[in-house]
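Student:
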Amino acid sequence: MSRWDYTDRIILYGTGLVLFGVFRQTSIMVAPILVSIIGLGLITYLEEGLLRSLVGFAYGLACFYEVSLCYFLPSILYGLYTGEKTAWRLLAAWPLVYYLTGGNRELTGVILLGLVAVLLKNRTIRCCDLEGSRKQLEDAHRQLTYDTKRQNQLLLEKQDGEIHMATLDERNRIAREIHDNVGHQLSSALLQVGALLVTQPQVEGLQTLKKTLDKAMDNIRTSVHDLHDRSIDLDAQLVSLAEEFNFCEIDLSIQVDNHPQGPLKYAVIAMVKEGLSNIIKHSNASRVEVVFMEHPGFYQLRISDNGTIHKIKRDEGIGLKNIQQRVDALKGRFLVRQERGFTLFVTLPKEEIHESDHR
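When the letters of the sequence shown are read in order and numbered with my numbering, they come out as residues 1279 to 1637.
(1) With a threshold of 6 Å on Cβ separation, who are the neighbours of Leu1512 within its own chain once the five nearest residues in sequence on each side are excluded?
(2) Count the other CB atoms within 10 Å of the CB of Thr1486; is the residue buried (16 or more) or exposed (fewer)?
(3) Determine the extent of the alpha helix (DSSP H) in which Gln1616 is found, giving its start and end residues.
(4) With a threshold of 7 Å on Cβ separation, who are the neighbours of Ile1631 within its own chain once the five nearest residues in sequence on each side are excluded?
(5) Below 8 Å between beta carbons: does that hold for Asn1556 and Gly1597?
(6) For Thr1586, collect the residues of the same chain with a Cβ closer than 7 Å to its Cβ; drop the 5 residues on either side in sequence, then sort them by chain order.
(7) Name the one or two DSSP bridge partners that Asp1529 has.
(8) Can you tell me where the alpha helix (DSSP H) with Leu1519 in it begins and where it stops?
(9) Using the beta-carbon count (16 or more within 10 Å), is Thr1293 buried or exposed?
(10) What do you get for Glu1521, buried or exposed, if any count of 16 or more other CB atoms within 10 angstroms of its CB means buried?
(11) Is it buried or exposed for Phe1342, if we count other Cβ within 10 angstroms and need 16 for buried?
(12) Give me the Cα-Cα distance between Glu1527 and Ile1601, rounded to the nearest whole angstrom.
(13) Taking the alpha helix (DSSP H) that Leu1320 belongs to, which residues open and close that run?
(14) Taking the C-alpha atoms as reference points, what is the distance between Ile1321 and Thr1426?
(15) Can the beta-carbon of Val1313 be found less than 8 Å from the beta-carbon of Leu1358?
(16) Residue ranges of each beta strand (DSSP E) run of no fewer than 3 residues wholly in the segment 1531–1558, ordered along the chain?
(17) So Leu1491 and Leu1468 are in contact, right, with Cβ under 8 Å, and what is the actual spacing, rounded?
(18) Can you give me the C-alpha to C-alpha distance between Leu1398 and Leu1332, rounded to a whole angstrom?
(19) Measure the C-alpha to C-alpha separation of Tyr1323 and Gly1317 and round it to an integer number of angstroms.
(20) Please report how far the alpha carbon of Ile1289 lies from the alpha carbon of Tyr1424, in whole angstroms.
(21) Which value, in whole angstroms, describes the spacing of the CA atoms of Arg1367 and Gln1429?
(22) Looking at the structure shown, is Gln1578 part of a helix, part of a strand, or coil, going by DSSP?
(23) Val1546 and Leu1519 - do their beta-carbons sit closer together than 8 Å?
(24) Indicate whether Met1571 and Val1605 have their beta-carbon atoms separated by less than 8 Å.
(25) Could you check where the alpha helix (DSSP H) with Val1605 kicks off and where it finishes?
(26) Identify every residue that forms a DSSP beta bridge with Thr1625.
(27) Which residues in the same chain have their Cβ closer than 8 Å to the Cβ of Leu1433, if we skip the five residues on either side of it in sequence?
(28) Work out the CA separation of Ile1498 and Ala1548 for me, nearest whole Å.
(29) Indicate whether Leu1554 and Phe1523 have their beta-carbon atoms separated by less than 8 Å.
As structure tokens, this is what we get:
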């Protein structure tokens, strides 16, 4: 019920109560007030239109036995009238017509109040329709604003991703050009200096030149490897593998703040590729889950599926052996579990552990 309904009902019932007190002041009775309140309550809270109409008709019939009930009849009419092909329900007002044609001038104000009730109801219906339209427009506007912001956010993320991938591609291109051009030229220079040292060892400065070229070659080699490592993005590679996996539904989750680098990064990519390949070859799974997460001292990789048939054993599968070899090389742990599907668990120490072993 809208606020207009509350206001109109209060006005109509209050006016009827005033008329009741004015014209029946010599014989004030509580029963008509109680009956009118019960009738209004039933009409307000009953949802079935037929039941509400029966209540209104019964109230109109009661007006023949107690004329004072007519003072509250406009409130009853207000509750019955909905403006949608319900004019027949206004037949509950026929006691007023009867009394009016019978020359009862006392109820003229009640009849006028009934007309006001119909006008108020029409106004309330229009206001409610306008309010509903306004809320729909506001909801549509909020949804459009949200969709626009979401689309802009996705567009920015896509642009950032494209810029990031373009940067990685450029790094990879630079690394290849340095390796192919500068690296080959330095290698050629080293060979020529080496030949001169053999044929003309007495020439001063050749040994120093060779050491300088060796150092430059080492620096370029280190820079090329560093550029190549940075040109491979772990998240992008895993997402690409998941997108290319069309055997069944796949859920990829990456929960890493400090991404692994070097051999550890390549090992993770290779193990995910091996795991997905094994699922395609040996499983009847309908869903695969790949989770790569970071812990304080190690990384954990989990590849699981819900398949019921696996044609491969750990000791026989080449893919599983390759994963085991990579894990052993990185001093990690590898576990296979076949319960409610097939699951691969890989635990790999972080790079600083490997670096401390090399020192």
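Yeah, the Cβ is synthetic: ideal placement off N, Cα and C, and Gly gets one too. Computed from a predicted structure; not experimentally measured.
Tutor: Quick answer:
(1) For the purposes of this step, residue 1512 is identified with residue 234 of the sequence shown, where counting begins at 1. So the list reads His1537 and Lys1543, once near-sequence residues are dropped.
(2) Here residue 1486 refers to the residue found at position 208 of the sequence shown. Its Cβ having fewer than 16 others within 10 Å, Thr1486 is exposed.
(3) Taking the sequence shown and counting its residues from 1, the one referred to as residue 1616 is at position 338. Segment: none, Gln1616 is in no alpha helix (DSSP H) and carries neither H nor E.
(4) Here residue 1631 refers to the residue found at position 353 of the sequence shown. In this predicted model, Ile1631 has a pLDDT of only 42, less than 50, meaning its place in the structure is not dependable; the value taken from the coordinates is given anyway. The answer is none, since no qualifying residue turns up.
(5) To locate residue 1556, count along the sequence shown from 1; it is residue 278. To locate residue 1597, count along the sequence shown from 1; it is residue 319. Yes, these two residues count as a Cβ contact at 8 Å.
(6) Indexing the sequence shown from 1 puts residue 1586 at position 308. Cβ neighbours of Thr1586 within its own chain (closer than 7 Å, five residues either side excluded): Asn1562.
(7) Reading the sequence shown from its first residue, position 251 is the one you call residue 1529. According to DSSP, Asp1529 bridges with Glu1567.
(8) For the purposes of this step, residue 1519 is taken as the residue at position 241 of the sequence shown. Leu1512 to Glu1522 is the extent of the alpha helix (DSSP H) around Leu1519.
(9) On the sequence shown, position 15 is the one that residue 1293 refers to. Thr1293 comes out buried.
(10) If you number the sequence shown from 1, residue 1521 lands on position 243. So Glu1521 counts as exposed.
(11) Here the question's residue 1342 lines up with position 64 in the sequence shown. Label assigned to Phe1342: exposed.
(12) The residue given as residue 1527 occupies position 249 in the sequence shown. The residue given as residue 1601 occupies position 323 in the sequence shown. If you draw a straight line from the Cα of Glu1527 to the Cα of Ile1601, it comes to about 23 Å.
(13) Here residue 1320 refers to the residue found at position 42 when the sequence shown is read from its first residue. Here the alpha helix (DSSP H) through Leu1320 covers Ala1309 to Tyr1323.
(14) Numbered from its first residue, the sequence shown carries residue 1321 at position 43. Numbered from its first residue, the sequence shown carries residue 1426 at position 148. Answer to the nearest angstrom: the Cα atoms are 45 Å apart.
(15) Within the sequence shown, numbered from 1, the residue matching residue 1313 stands at position 35. Within the sequence shown, numbered from 1, the residue matching residue 1358 stands at position 80. For Val1313 and Leu1358, no; Cβs fall outside 8 Å.
(16) Counting whole runs of 3 or more residues, the segment 1531–1558 contains no beta strand (DSSP E) stretch at all.
(17) Here residue 1491 is taken as the residue at index 213 of the sequence shown, counted from 1. Here residue 1468 is taken as the residue at index 190 of the sequence shown, counted from 1. Yes, they are in contact, since the Cβ atoms of Leu1491 and Leu1468 sit about 5 Å apart, within 8 Å.
(18) Reading the sequence shown from its first residue, position 120 is the one you call residue 1398. Reading the sequence shown from its first residue, position 54 is the one you call residue 1332. If you take the alpha carbons of Leu1398 and Leu1332, they lie about 22 Å apart.
(19) The count along the sequence shown starts at 1 and reaches residue 1323 at position 45. The count along the sequence shown starts at 1 and reaches residue 1317 at position 39. Whole-angstrom Cα-Cα distance: 10 Å.
(20) Sequence index remark: in the sequence shown, residue 1289 carries index 11 (1-based). Sequence index remark: in the sequence shown, residue 1424 carries index 146 (1-based). So the two alpha carbons sit approximately 42 Å from each other.
(21) Position 89 of the sequence shown holds residue 1367. Position 151 of the sequence shown holds residue 1429. Any reading at Arg1367 is ruled out, since the residue's pLDDT is 49, under 50, leaving its predicted position unreliable.
(22) Residue 1578 sits at position 300 when you count from the first residue of the sequence shown. Correct three-state label for Gln1578: strand.
(23) Taking the sequence shown and counting its residues from 1, one reaches residue 1519 at position 241. Taking the sequence shown and counting its residues from 1, one reaches residue 1546 at position 268. Contact: no.
(24) Mapped onto the sequence shown, residue 1571 falls at position 293. Mapped onto the sequence shown, residue 1605 falls at position 327. Taking 8 Å as the Cβ cut-off, Met1571 and Val1605 do not qualify as a contacting pair.
(25) Counting from one through the sequence shown, the residue named residue 1605 turns up at place 327. Its alpha helix (DSSP H) spans residues Ile1596 to Ala1607.
(26) Your numbering for residue 1625 matches position 347 in the sequence shown. By DSSP's assignment, Thr1625 forms a beta bridge with Gln1578 and Arg1611.
(27) Looking up residue 1433 in the sequence shown gives position 155. Here the set comprises nothing.
(28) Working through the sequence shown from its first residue, we reach residue 1548 at position 270. Working through the sequence shown from its first residue, we reach residue 1498 at position 220. Rounded to the nearest angstrom, the two C-alpha atoms are 27 Å apart.
(29) As a first step, residue 1554 is located in the sequence shown; it is residue number 276 there, counting from the start. As a first step, residue 1523 is located in the sequence shown; it is residue number 245 there, counting from the start. Result yes, Cβ atoms of Leu1554 and Phe1523 sit closer than 8 Å.
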